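There are 2 protein chains.
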Amino acid sequence: MAPPPAKATGKQAKKPPVVPLNNGISVTKEANFSQWYQEVVTKCELVEYYTEVGSAYTDELFSKASSMHIWNTIRTWFQNRIEQMGVEETSFPMFLSAKSLEKEKEHVEGFAPELAWVTRAGDKDLEVPVAVRPTSEAVMYPYYAKWIRSHRDLPFRLNQWNSVVRWETKQTTPFLRSREFMWQEGHTAHLTEQLAEKEVLEILELYAGVYEQLLAVPVVRGKYVVAFSRFVPILIWVSLTYPDLAIGRQKTKNSPADIGHRRVKDLSRLQDAVYKEQLLISFPSALGQNFSKMFDITVEDPNQKGEKIFVWQNSWGLSTRVIGVMVMIHSDNKGLVLPPRVSKFQVVIIPVGLTAKTTDEVRENLAKQVQDLAGSLKEIQVRTEVDNREGYTPGFKFADWEMKGVPLRLEFGPKDAANSVVTYSRRDTGFKGTIPLAEVASQVPALLEKIQQDMYDKANEDFTSHRLIINDWTEVIPALNARNVVVIPFCGEPSCEELIKEKTKSDEHRELGPDGKPQPSMGMKSLCIPFDQPSGLVQGETKCLNPECGKFAKSWVMFGRSY
Amino acid sequence: MAPPPAKATGKQAKKPPVVPLNNGISVTKEANFSQWYQEVVTKCELVEYYTEVGSAYTDELFSKASSMHIWNTIRTWFQNRIEQMGVEETSFPMFLSAKSLEKEKEHVEGFAPELAWVTRAGDKDLEVPVAVRPTSEAVMYPYYAKWIRSHRDLPFRLNQWNSVVRWETKQTTPFLRSREFMWQEGHTAHLTEQLAEKEVLEILELYAGVYEQLLAVPVVRGKYVVAFSRFVPILIWVSLTYPDLAIGRQKTKNSPADIGHRRVKDLSRLQDAVYKEQLLISFPSALGQNFSKMFDITVEDPNQKGEKIFVWQNSWGLSTRVIGVMVMIHSDNKGLVLPPRVSKFQVVIIPVGLTAKTTDEVRENLAKQVQDLAGSLKEIQVRTEVDNREGYTPGFKFADWEMKGVPLRLEFGPKDAANSVVTYSRRDTGFKGTIPLAEVASQVPALLEKIQQDMYDKANEDFTSHRLIINDWTEVIPALNARNVVVIPFCGEPSCEELIKEKTKSDEHRELGPDGKPQPSMGMKSLCIPFDQPSGLVQGETKCLNPECGKFAKSWVMFGRSY
Chain V
3 MAPPPAKATG KQAKKPPVVP LNNGISVTKE ANFSQWYQEV VTKCELVEYY TEVGSAYTDE
63 LFSKASSMHI WNTIRTWFQN RIEQMGVEET SFPMFLSAKS LEKEKEHVEG FAPELAWVTR
123 AGDKDLEVPV AVRPTSEAVM YPYYAKWIRS HRDLPFRLNQ WNSVVRWETK QTTPFLRSRE
183 FMWQEGHTAH LTEQLAEKEV LEILELYAGV YEQLLAVPVV RGKYVVAFSR FVPILIWVSL
243 TYPDLAIGRQ KTKNSPADIG HRRVKDLSRL QDAVYKEQLL ISFPSALGQN FSKMFDITVE
303 DPNQKGEKIF VWQNSWGLST RVIGVMVMIH SDNKGLVLPP RVSKFQVVII PVGLTAKTTD
363 EVRENLAKQV QDLAGSLKEI QVRTEVDNRE GYTPGFKFAD WEMKGVPLRL EFGPKDAANS
423 VVTYSRRDTG FKGTIPLAEV ASQVPALLEK IQQDMYDKAN EDFTSHRLII NDWTEVIPAL
483 NARNVVVIPF CGEPSCEELI KEKTKSDEHR ELGPDGKPQP SMGMKSLCIP FDQPSGLVQG
543 ETKCLNPECG KFAKSWVMFG RSY
Chain D
3 MAPPPAKATG KQAKKPPVVP LNNGISVTKE ANFSQWYQEV VTKCELVEYY TEVGSAYTDE
63 LFSKASSMHI WNTIRTWFQN RIEQMGVEET SFPMFLSAKS LEKEKEHVEG FAPELAWVTR
123 AGDKDLEVPV AVRPTSEAVM YPYYAKWIRS HRDLPFRLNQ WNSVVRWETK QTTPFLRSRE
183 FMWQEGHTAH LTEQLAEKEV LEILELYAGV YEQLLAVPVV RGKYVVAFSR FVPILIWVSL
243 TYPDLAIGRQ KTKNSPADIG HRRVKDLSRL QDAVYKEQLL ISFPSALGQN FSKMFDITVE
303 DPNQKGEKIF VWQNSWGLST RVIGVMVMIH SDNKGLVLPP RVSKFQVVII PVGLTAKTTD
363 EVRENLAKQV QDLAGSLKEI QVRTEVDNRE GYTPGFKFAD WEMKGVPLRL EFGPKDAANS
423 VVTYSRRDTG FKGTIPLAEV ASQVPALLEK IQQDMYDKAN EDFTSHRLII NDWTEVIPAL
483 NARNVVVIPF CGEPSCEELI KEKTKSDEHR ELGPDGKPQP SMGMKSLCIP FDQPSGLVQG
543 ETKCLNPECG KFAKSWVMFG RSY
């Protein structure tokens, strides 16, 4: 919660702090990324652990307005844009029955272990139990079959913002792995594969925009290696340069066999999988005709009377997981670092320089000037908070707001007042300076935009410098050991990828596992075929980098180690 | 879904309609209100009945963007205002355990029959089953006890937008009684009873604003009769002048004994109860200290060191039920009538006057002019739709969009083009006229605002004319038989109210029950003490209108019959 509002007059007996003293983060990001992450999201008041009285049920709880603000900013940004595209909003119920799940065995098979079953209402058992949706294909598509009656109804595009439940048996991790999580799920139907693919690319760009423009997180757009020769699901990759963050292991393989399956489960599994390779992903998924055939969603071919066409479908979802990515990328050992565009408070003003000797008059003048300062910033839509809490030293407040990640701190005391300036301190760099009071309204918004840009640039430099274009096989393993991802010429054969995986395992360079204990490094796997291809690869000439392969390379492919 | 976009050229062989022909509403609002309502909400594409494959589970489904648009308009309007008040947004999980429910027996007792229990995850039984929230007191308040540590943390105010589940065993009715429904639930804590009551009044005004300013539904603000002598929960009353709409009977009594209980259950029960008296209610609920004592939510008394104060709490919720009220008040035998401020499409443009003889040139010119017309309206944020569907007559389209309730229809054909006017038709009154093309941008927005106002005025007149101020007991029963609510001087004694209820039953005037069969009219019950009191009641002089009472009247009280 925000601190209580200012008292009319500042002078009061000092009281002991009533909130816990700022205890900071007990481990460094470098030393123990996992624990650091857990502490940051909880101590910095993004989430609270929710434990049900006397129940094994625990999950995350968006207790704090700051995380809701981030999610709502993303929601508004994305919603406006898909509305422009003509996607309509809908709301389907949260329950589905075993029977409707059976419709697509493959789908349910994937989720079965995680389904939360309602078997009883009041004290009566239900004849047919219903499950809480893990995702809504099985809920929505029977109605798509009913509503889509003609090619004139296409494209048919609905999106809903809701929460879904996947009953994780493993320990949950806020944002990254929770039993209930908020997301948007878009489900669209198109007349042709081309139209469906076009939309996938549009949505990809919107997801990239969420990462890049709002969360200041750089991404790599690319396509799926197994999809070399077939319809391409498109991926976004976000590099995390701290491989110690490994929670469990990847369950699904990157084999063409199960990609259809993984498409269905889009976000959850695939993100998990890739997340566990210390990379995050957003995945507008091209379902092709899998579901339209399962649910018999057809229209008459406009060009061939009497011929029916199974519609081409996409599903795409973006979850609160992206907030976890943002935290991992930007936050530091002092706590959260929030990009100004998504931060609930962009500026916190902290009165300083008051002592027991300070006269009432000075106190009152300062209090008034602080209120004026805050007022002038709020007037120009700068989200501003004044910390007038009593019984706290400025030092405590500085650390407290640094921990909470507010991008810009303004300090204002008698000295500043005398010089008619305000002192500022950037959360991202710690850089301090002063701004003339007269220029606050012009300089603060500019400074906030600069912070947003600088945060992106820093993360991008980080990512780029850990993404090495390599032409010489001998450089691959050293590069991986130095915690990079590599971009190499690759033939695209699954068998060759298996070989590469074997060759790049390492016992010497031992990574820390989830238990914090060192364990052998996994081999590297193909991540994606970046749209943005480096130069120098000649078709029918450049060979696959795997020395044992000998085939020609199809394209530059990004590989990374599993952790 | 909206019709597909315009084709480049209009000329094509007529095809048979691919959507069902406009079948309209099969009963009149006057003859069978219940069935009329069910048909309007489904045939006019506000909701779809959702039936789970092979399951007894059925519920409403916000299939259509139009109902989502209404709800999102309300959501944005209300959210902006509570943010101004300093209420913060939160998101608590959807599950709670039996154990945490036991914390407040009274609460769970009320919901127990309607709780949906998750007893199994995957194929494993849960040690402790969890229920899907019917409301979130039991989920949230343990955290209130944890987070509220000082009077400085007060007021502590959180709101969440979510959906809750109450497993109705009875038949569900879209918007009015569904198993899962969307709402907002605000939960706040205050230092004093006065501060809590002040907030209740602020929220009441916001709820009134939703009804009056957005849904064009007049309301009566008032307080609860049983609360004459105690803390007053505040009510809003919406009169429905069609008593045939009776679905079941009221379960809870208006007795002081269970008002605390009813407060807890706020909306659902109480709205149901009153709804069944063919009146709707929104109910910012003053919980007093019930819950703070249950959950031990305390702060130290700022004025008495060491003394602890149980905080004063409110909870307030507004659900999608308000959409049902809007439908009942405004819609007619042609279908929906939507107030312009909440209608997804405010204007529909329908090309007319095209025949087989019409030349390509004329078609193309007309198509272009229609697009320009639409463009100029969209430019000034008028939500505009063009119906270029082929294979439909203008007559079909007129009826179709009338059924869907679009406030304003613009017809444009060669004749209109020749006179450079556009013909319009109001959905609410059916009034037709023309607007010079040059003045469309100025006249259409004004016309839409006029429609909004006229709809409110009509409903208000209706409501007022059915609310009779009565000073003579002999006029009461005739007034009730004529389907009015009455405002009479009343002593406020529950015993007297019971008497009044008996005296106003009637076997002669038989009302239609839910089964459509006539049944004796129930006696009247106290509805509220309107804040806006008629004149002429003198304390200690004016008697209670019940001739067998003889006590002095405390105030004017609104009574209505149950149906």
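Which chain is which? The protein sequence lines are V and D, in order.
Number 72 in our numbering belongs to position 70 of the first sequence; there are no gaps in the numbering.
Number 197 in our numbering belongs to position 195 of the second sequence; there are no gaps in the numbering.
For glycine and all other residues, C-beta sits at the position ideal for the given N, C-alpha and C.
This one's a predicted model, so the numbers in the text were calculated from it and none came from an experiment.
- DSSP lists L410(D) as the beta-bridge partner residues of R428(D).
- In chain order, P409 place their CB closer than 6 Å to the CB of S345(V), counting only its own chain and leaving out the 5 sequence neighbours on each side.
- In this structure, G224(D) is the residue among G224(D), H71(D), L217(D) and M184(D) with its C-alpha nearest to the C-alpha of L203(D).
- For the pair V130(V) and S102(V), the CB atoms are not nearer than the 8 Å cut-off.
- Between the beta-carbon of Y52(D) and that of P95(V) there is about 5 Å, and that keeps the pair under the 8 Å contact cut.
- Annotation for M142(V): F94 and H189 place their beta carbon closer than 6 Å to its own, counting only its chain and skipping 5 residues before and after.
- Straight-line spacing of the CA atoms in S537(V) and V221(V) works out to 20 Å.
- Rounded to whole angstroms, N483(D) and M560(D) show a C-alpha spacing of 16 Å.
- Boundaries for E441(V): no beta strand (DSSP E) harbours it, and the DSSP string shows neither H nor E there.
- Proximity of R122(V) to chain D, defined by a Cβ-Cβ separation below 8 Å, is satisfied.
- The beta carbon of W119(V) falls within 8 Å of a beta carbon belonging to chain D, placing the residue at that interface.
- For the pair E90(V) and W185(V), the Cα-to-Cα distance works out to about 16 Å.
- For Y143(D), no Cβ of chain V is located within less than 8 Å of the residue's own Cβ.
- When DSSP states are grouped into helix, strand and coil, G337(V) belongs to the strand group.
- Nearest in C-alpha terms to K307(V), of all of G393(V), S152(V) and Q383(V), is S152(V).
- Near chain D, meaning a CB-to-CB distance below 7 Å, no residue of the region 327 to 360 of chain V qualifies.
- For F561(D), no chain V residue has a Cβ inside 7 Å of its Cβ, as the nearest lies near 34 Å away.
- Contact annotation for A67(V) against chain D: E90, E91, T92 and L160 [CB-CB distance below 9 Å, chain order].
- With its beta carbon at least 8 Å from every one in chain V, Y146(D) lies outside the interface.
- Cβ contact annotation for D303(D) (same chain, cutoff 6 Å, sequence separation greater than five): E309 and I311, in chain order.
- By DSSP's assignment, Q162(V) forms a beta bridge with E187(V).
- The C-beta of S294(V) comes no closer than 8 Å to any C-beta of chain D.
- The straight-line gap separating the alpha-carbon atoms of V212(V) and N462(V) is approximately 15 Å.
- Cβ-Cβ distances below 8 Å link I472(D) to V478, A481, V488, V489, I490 and L547 in the same chain, with the five nearest sequence neighbours on each side left out; the list follows chain order.
- V43(V) does not reach chain D, its nearest Cβ partner there being about 15 Å away, counting only Cβ pairs nearer than 8 Å.
- Under the three-state reduction of DSSP output, Y51(D) falls in the strand class.
- Residue-level contact check: W169(D) touches chain V, since one or more beta carbons of chain V fall below 8 Å from its beta carbon.
- By the C-beta density criterion, T361(D) is exposed, having fewer than 16 other C-beta atoms within 10 angstroms.
- Secondary structure within the region 450 to 507 of chain V: the alpha helix (DSSP H) runs of 4 or more consecutive residues, fully enclosed, are 478 to 483 and 496 to 505 (chain order).
- Residue range W314 to S321 is occupied by the beta strand (DSSP E) that includes S317(V), with no alpha helix (DSSP H) assigned at that position.
- Here P342(D) has Q348, P409, L450, I453 and Q454 as same chain residues with Cβ atoms under 6 Å from its own Cβ, once five neighbours each way along the sequence are excluded.
- For the pair E495(V) and I150(V), the Cα-to-Cα distance works out to about 39 Å.
- For D127(D), no alpha helix (DSSP H) segment is defined; the enclosing uninterrupted segment is the beta strand (DSSP E) at K126 to V134.
- Of the residues assessed, E182(V) falls on the buried side of the cut-off, its CB having 16 or more other CB atoms within 10 angstroms.
- For V350(V), the enclosing beta strand (DSSP E) begins and ends at V349 to P353.
- Taking all protein chains in view, the Cβ of G525(D) is crowded by 16 or more other Cβ atoms within 10 Å, so the residue is classified as buried.
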